[in-house]
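In the numbering used here, the protein residues as written are 6 to 250.
Inspection log for the structure reproduced underneath, given as structure tokens.
Okay, structure coming up:
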């Protein structure tokens with residue numbers, strides 16, 4: 006047990022150091038295609054979670070607030086959290102969003118009471134953490150019928166797989182030392198084991214963040230088709246994760 010705790014603390018420190026040292030323009034997030042991908046994520050958030058006025062949303066791994074600013078409509082109360090203090094400070098200073106509080110918190114050990122939150126969400130964060138521990142904490146703090154929404158890299162995607170396993174690509178794509186990716190079927194069984202219901206873990210996203218702006222519309226249309234083609238969809242870039250407590 007002592008070794009497990011030591012490893013968890015070490016991993017958290019490594020993640021904080023990694024993202025503190027990164028330039029705030031992370032790989033692919035500020036390109037036109039990268040911004041379009043965030044737009045799609047926020048649209049899916051609304052489609053699946055149906056956020057209600059006055060609802061309390063906990064965002065895990067908010068980073069610089071790219072996703073936060075897209076779901077902040079002034080009607081929700083959003084607690085946007087990240088484990089990296091410099092990242093939270095940057096978000097606080099650069100974004101003044103109605104109903105949003107940026108704060109430093111560890112998603113694996115949340116200091117919220119049980120059954121408090123309406124929606125727990127996050128973008129590309131679970132694979133930086135102890136996934137099961139984080140999802141159990143999310144389950145604990147969610148209200149009955151509360152909703153869970155995440156998007157994550159798909160380990161079966163060739164680019165993601167090579168990026169994690171080839172040193173040059175791993176460095177180029179700015180992966181952190183403990184970063185990995187997730188598998189659809191593992192996530193589905195994990196969520197059900199924890200107690201979630203109405204579990205959806207869905208392949209989506211063939212929109213590579215570095216494609217030219219002039220190709221975005223065409224590739225987006227192609228992506229919509231590939232996402233429903235058997236076998237092919239399994240190598241999508243991302244996974245959509247949704248469940249209800």
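Beta carbons: idealized from backbone N, C-alpha and C, even for Gly.
Open item on the list: Restricting to runs no shorter than 4 residues, where is the alpha helix (DSSP H) found entirely within the stretch 44-109?
Closed with: Annotation note: the stretch 44-109 contains the following uninterrupted alpha helix (DSSP H) runs of length 4 or greater, listed N- to C-terminal: 73-76 and 90-99.
TODO: Classify residue 136 as buried or exposed, calling it buried when 16 or more other Cβ atoms lie within 10 Å of its own Cβ.
DONE: Classification of residue 136: buried, given that the 10 Å Cβ count is 16 or more.
TODO: Since I believe residue 234 is in contact with residue 152 (beta carbons under 8 Å), could you give me their beta-carbon distance rounded to a whole number of angstroms?
DONE: That belief does not hold up - the Cβ atoms of residue 152 and residue 234 are roughly 28 Å apart, past 8 Å.
TODO: Use the C-beta contact count for residue 127: other C-beta atoms within 10 angstroms, 16 or more gives buried, fewer gives exposed.
DONE: Buried, because 16 or more other Cβ atoms sit within 10 Å of the Cβ of residue 127.
Open item on the list: Can you tell me whether residue 36 is helix, strand or coil according to DSSP?
Closed with: In this structure, DSSP gives residue 36 a state outside helix and strand, which the three-state scheme calls coil.
Task: CB contact flag (residue 83, residue 91, <8 Å) - done: No.
Open item on the list: Considering Cα atoms alone, identify which of 208, 224 and 217 is closest to residue 244.
Closed with: Ranking 208, 224 and 217 by Cα distance to residue 244 puts 208 first.
Open item on the list: Count Cβ pairs between the stretch 224-243 and the stretch 60-80 that sit closer than 8 Å; are there 3 or more?
Closed with: Using a Cβ-Cβ distance cut-off of 8 Å, the stretch 224-243 and the stretch 60-80 are not in contact, since fewer than three pairs of beta carbons, one from each stretch, lie closer than that value.
TODO: Could you have a look at residue 242 and say whether DSSP puts it in helix, strand or coil?
DONE: Residue state, collapsed to three classes: coil.
TODO: Alpha carbon to alpha carbon, how far is residue 231 from residue 76? Give it in angstroms, no decimals.
DONE: For residue 76 and residue 231, the distance between alpha carbons rounds to 27 Å.
TODO: Rounded to whole angstroms, what's the CA-CA distance from residue 149 to residue 120? Just pull it up for me.
DONE: Between residue 149 and residue 120, the C-alpha separation is close to 7 Å.
TODO: For residue 86, count neighbouring C-beta atoms within 10 Å of its own C-beta (all shown protein chains included) and say buried if the count is 16 or more, exposed if not.
DONE: It counts as buried.
Task: Boundaries (first-last residue) of the alpha helix (DSSP H) holding residue 146 - done: Per DSSP, residue 146 belongs to the alpha helix (DSSP H) from 136-146.
TODO: Would you check if the distance between the CB atom of residue 113 and the CB atom of residue 71 is smaller than 8 Å?
DONE: With a cutoff of 8 Å on beta-carbon distance, residue 113 and residue 71 are scored as not near each other.
TODO: Can you tell me which of the three DSSP states residue 127 falls into?
DONE: In this structure, DSSP gives residue 127 an extended state, which the three-state scheme calls strand.
TODO: May I ask you to report which of helix, strand or coil DSSP gives residue 236?
DONE: If DSSP states are grouped into helix, strand and coil, residue 236 belongs with coil.
TODO: Assign residue 249 to one of three DSSP states: helix, strand, or coil.
DONE: Three-state DSSP puts residue 249 in a strand.
Open item on the list: residue 89 and residue 214 - do their beta-carbons sit closer together than 8 Å?
Closed with: It is not a contact, given that the beta carbons lie outside the stated cut-off.
Task: Expected contact under 8 Å - CB spacing of residue 205 and residue 192 to nearest Å - done: Distance from residue 205 to residue 192 at the Cβ level is roughly 10 Å; contact not present, criterion being Cβ atoms closer than 8 Å.
TODO: List the DSSP bridge partners of residue 152.
DONE: Per DSSP, 124 and 249.
Open item on the list: Taking the alpha-carbon of residue 229 as reference, which of 212, 217 and 219 has the nearest alpha-carbon?
Closed with: When each option's Cα is compared against that of residue 229, the closest is 212.
Open item on the list: Run through the DSSP bridge pairs and tell me what residue 202 is partnered with.
Closed with: Note: residue 202 sits in a beta bridge opposite 249.
Open item on the list: Let's see if you can read the secondary structure: which residues bound the alpha helix (DSSP H) around residue 227?
Closed with: Element bounds for residue 227: 221-231.
Open item on the list: Rounding to the nearest angstrom, what Cα-Cα distance links residue 101 and residue 154 in this structure?
Closed with: As the crow flies, the alpha-carbon of residue 101 is around 24 Å from that of residue 154.
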